[in-house]
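A.B. asks: My structure is below; once you've seen it, I'll send some questions.
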Amino acid sequence: MNHFYLTTTLPYVNGAAHVGHAIEFMRADMLARYHRGLGSQVFFNTGTDEHGQKIADKAIELKVSPQAYVDDMANGWKQFCADINMSYDFFSRTTDTKHEAIAQELWRRCDDNGYIYKKSYQSKYCVGCELQKTDSELVDGMCPDHPGKELELIDEENYFFAFSQFQERLLELYKNNPTFVVPDFRLQEITNFVAGGLQDFSISRLKEKMSWGVPVPGDDDQVMYVWFDALTNYISALGWGTEDQSQFDTFWDQGHTVQMCGKDNLRQQSAIWQAMLMAAGLPNTNQIFVEGHVVSGGQKMSKSIGNVIDPVAYVHYYGLDAVRYFVARHVHDVQDSDWTVERFHESYMASLVNGLGNLVNRVLNMADKYEVVLDVMPQTEPTDHLANFQFNAEMDRIWKLIGDCDQYITDEAPFKKAKDDLPAAQEDLRYLLGQLWIINESIAPIMPETYGKIRVAMELNKKPEEPLFPRLDFNADL
Ligand SMILES: [Zn+2]
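So the sequence shown is numbered by the numbering used here: it starts at 191 and just counts up by one.
Structure (structure tokens):
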């Protein structure tokens, strides 16, 4: 049996889910369902990243304890996962005591192997990114991603990770594994970054200045830097470093491992985390799939422009599978994409209401009327589009099948034939039911609820009582 491990990044819990999270999570869920459908045993991880300065600041602002704050936020994220039908196997929380113990164990391994040391240093730190910034990364003395946010000056003795020692090994990893990062232009980007030289970086903070973190093993005065602790979740979810490592052995060591992330996370996932694994003597990830960003109306989303896309509002108005459809078909696999309510509505009406929904109704109406049932289920050939992260191509393939069926109905006109040659019309319907079966099997990982409804309708050989995709008015308020 094949074992397939898949993880989203863990969102930082200082805000609600935005459309970028929805896209990453929905696509991860499609992959998990696809691989289960192929017969693989899948471990699908997601969760929340809950330590660090930004969380501590937010809790102070709201006058609650950091733990109460993250508990509340984690519940919100679990609700979001339920809203978008995430079939995860494990929900990681980085404040979980088991995760904390494992993060400490990973630290110890890296330390035992000589990759952690202590030194005094001064640096500029962007709380917005939770990252140290070098002067060359700043624009007018500010973080370009967080203009107007004062950088924090850090002058303290901290622990450092010997990142610079991994340059050669990382370059070798990239060179020997041409699909280690997908798409290839992101592999090139990280290769260029690592080839440009790596600097060791601080992986702890003084507890008296920032206490909301995992304690550094053997040093009561320091806590771990949030990224070091959070990245460890990918293996803490599998119980690495505990008494029972069987899931780690099965899925990480012997299985195929895939991490998904946005393009702003490329460095952390494909360089820092990989170096941490090497430092601890653990196998690297097999593949990292890097997605683009979403803009709206050609502009970055912002509250002041009023073009922020709220994925949950779309789910409430159009239904979940309409959103999953749009994400798989019209959000570019790897480039930046434009999401507007106009484009969404047009696609909903054309491809779902008048496309798939209409086809299901027509075929099942005729099958019912001419008393044709599908007695032999056609063999469905799984394509490898989703195995290669090609969501757009897979959707185009499926919607081509739908278009071909519409054309077939127009050309053969079984509803006319039935009047004087019923057997010929029945033959057409047998073919159409077979095609509908194939179409439905194909949408299963992408639109699981719709798959279930079509499956039931086909078993009853009647069109669904409720329309799969109701006709809706354009809603400019979304
Ligand atoms: Zn920043």
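A virtual CB, placed ideally from N, CA and C, is assigned to each residue, including glycine.
Once DSSP output is grouped into helix, strand and coil, what is the label at VAL372?
C.D. replies: It is a strand residue.
A.B. asks: Give the DSSP-derived three-state secondary structure of THR440 in the structure shown.
C.D. replies: It is helical.
A.B. asks: How many Å lie between ASN235 and PRO613 at the Cα?
C.D. replies: Distance between the alpha carbons of ASN235 and PRO613: 52 Å.
A.B. asks: What span of residues does the beta strand (DSSP E) with LEU343 cover, start to end?
C.D. replies: Residues 342–351.
A.B. asks: Beta carbon of GLY318: closer than 6 Å to some heavy atom of ligand 1?
C.D. replies: Indeed, a heavy atom of ligand 1 lies less than 6 Å from the Cβ.
A.B. asks: Which value, in whole angstroms, describes the spacing of the CA atoms of ALA503 and SER394?
C.D. replies: Going by the C-alpha atoms only, they are around 39 Å apart.
A.B. asks: I want to check one thing, is the minimum distance from the CB of ASP454 to the heavy atoms of ligand 1 below 6 Å?
C.D. replies: No, Cβ of ASP454 sits at least 6 Å from all heavy atoms of ligand 1.
A.B. asks: What residue ranges within the segment 406–486 form continuous alpha helix (DSSP H) runs of no fewer than 4 residues, ordered along the chain?
C.D. replies: Qualifying alpha helix (DSSP H) stretches, in chain order: 416–421, 423–426 and 463–470.
A.B. asks: Counting only the same chain and skipping the five closest in sequence on each side, list residues whose C-beta sits under 6 Å from that of PRO501.
C.D. replies: Only VAL209 and ALA212 meet the Cβ criterion.
A.B. asks: Can you find the residues in the same chain that come closer than 7 Å, C-beta to C-beta, to ASP596, ignoring five residues on each side of it along the sequence?
C.D. replies: Counting only Cβ-Cβ distances below 7 Å, and skipping sequence neighbours, we find LEU549.
A.B. asks: So PHE516 is in the alpha helix (DSSP H); what residue range does that whole segment cover?
C.D. replies: Looking at the DSSP string, the run of the alpha helix (DSSP H) that includes PHE516 is 510–520.
A.B. asks: So, with DSSP's three-state summary, where would you put LEU619?
C.D. replies: Residue state, collapsed to three classes: helix.
A.B. asks: Could you give the distance in angstroms between the alpha-carbon of ARG283 and the alpha-carbon of CYS451?
C.D. replies: Each residue's alpha carbon lies about 18 Å from the other.
A.B. asks: Between the beta-carbon of VAL372 and the beta-carbon of PHE579, is there less than 7 Å?
C.D. replies: Yes; because the gap between Cβ atoms is below 7 Å, this pair is in contact.
A.B. asks: With 16 other CB atoms within 10 Å as the buried threshold, where does HIS522 fall?
C.D. replies: Exposed.
A.B. asks: Determine, using beta carbons only, whether ILE250 and GLY431 come nearer to each other than 7 Å.
C.D. replies: The answer is no: Cβ separation not under 7 Å.
A.B. asks: Quick one: is the Cβ of HIS336 within less than 6 Å of any heavy atom of ligand 1?
C.D. replies: Indeed, a heavy atom of ligand 1 lies less than 6 Å from the Cβ.
A.B. asks: According to the neighbour-count rule (16 or more other Cβ atoms, all chains shown, within 10 Å of its Cβ), is VAL329 buried or exposed?
C.D. replies: Answer is exposed; the Cβ neighbour count stays below 16.
A.B. asks: Please return the same chain residues whose Cβ sits closer than 8 Å to the Cβ of GLY229, not counting the five positions on each side in sequence.
C.D. replies: Hits under 8 Å: MET191 and ASN192.
A.B. asks: Using a Cβ distance threshold of 8 Å, determine whether the segment 591–608 contacts the segment 649–662, with at least three qualifying pairs required.
C.D. replies: No, they do not touch.
A.B. asks: With distances taken from CA atoms, which of GLU561, GLY487, GLN569 and HIS520 is nearest THR530?
C.D. replies: Residue GLY487 is the option with its Cα nearest to THR530.
A.B. asks: Would you check if the distance between the CB atom of CYS300 and the CB atom of ALA518 is smaller than 7 Å?
C.D. replies: Not closer than 7 Å, so no.
A.B. asks: I need the DSSP call for ILE592, collapsed to helix, strand or coil.
C.D. replies: Looking at ILE592 - three-state DSSP - the assignment turns out to be helix.
A.B. asks: Can you tell me which of LEU200, SER313 and LEU396 puts its alpha carbon nearest to the alpha carbon of ASP390?
C.D. replies: For ASP390, the nearest C-alpha among the options comes from SER313.
A.B. asks: Quick one: give me the first and last residue of the beta strand (DSSP E) that THR236 is part of.
C.D. replies: Run containing THR236: 231–238, per the beta strand (DSSP E) assignment.
A.B. asks: Evaluate the contact criterion for the segment 318–337 versus the segment 436–452: three or more CB pairs, one atom per stretch, below 8 Å.
C.D. replies: Verdict: no, contact absent.
A.B. asks: Looking at the unbroken beta strand (DSSP E) that takes in ARG283, where does it start and where does it end?
C.D. replies: Segment 280–283, the beta strand (DSSP E) holding ARG283.
A.B. asks: Contact defined as beta carbons within less than 8 Å: I believe VAL413 pairs with GLN294. What is the distance between those atoms, to the nearest angstrom?
C.D. replies: 11 Å between Cβ atoms; not a contact.
A.B. asks: Does DSSP put LEU662 in a helix, in a strand, or in coil?
C.D. replies: DSSP places LEU662 in coil when its eight states are reduced to three.
A.B. asks: Would you identify the three-state DSSP class for CYS333, choosing helix, strand or coil?
C.D. replies: CYS333 falls in the coil class under three-state DSSP.
A.B. asks: For the beta strand (DSSP E) containing TYR307, name the first residue and the last one.
C.D. replies: Segment 306–316, the beta strand (DSSP E) holding TYR307.
A.B. asks: ASP526 by DSSP, collapsed to three states: which one?
C.D. replies: The answer is coil: DSSP assigns ASP526 none of H, G, I, E or B.
A.B. asks: Looking only at its chain, what residues have a beta carbon closer than 8 Å to the beta carbon of SER401, apart from the 5 residues adjacent to it on each side?
C.D. replies: ALA246 and VAL413.
A.B. asks: List the DSSP bridge partners of LEU396.
C.D. replies: Per DSSP, GLN412.
A.B. asks: Give the single residue among ILE636, ASP558 and THR422 whose Cα lies nearest to the Cα of MET585.
C.D. replies: Out of ILE636, ASP558 and THR422, ILE636 has the C-alpha closest to the C-alpha of MET585.
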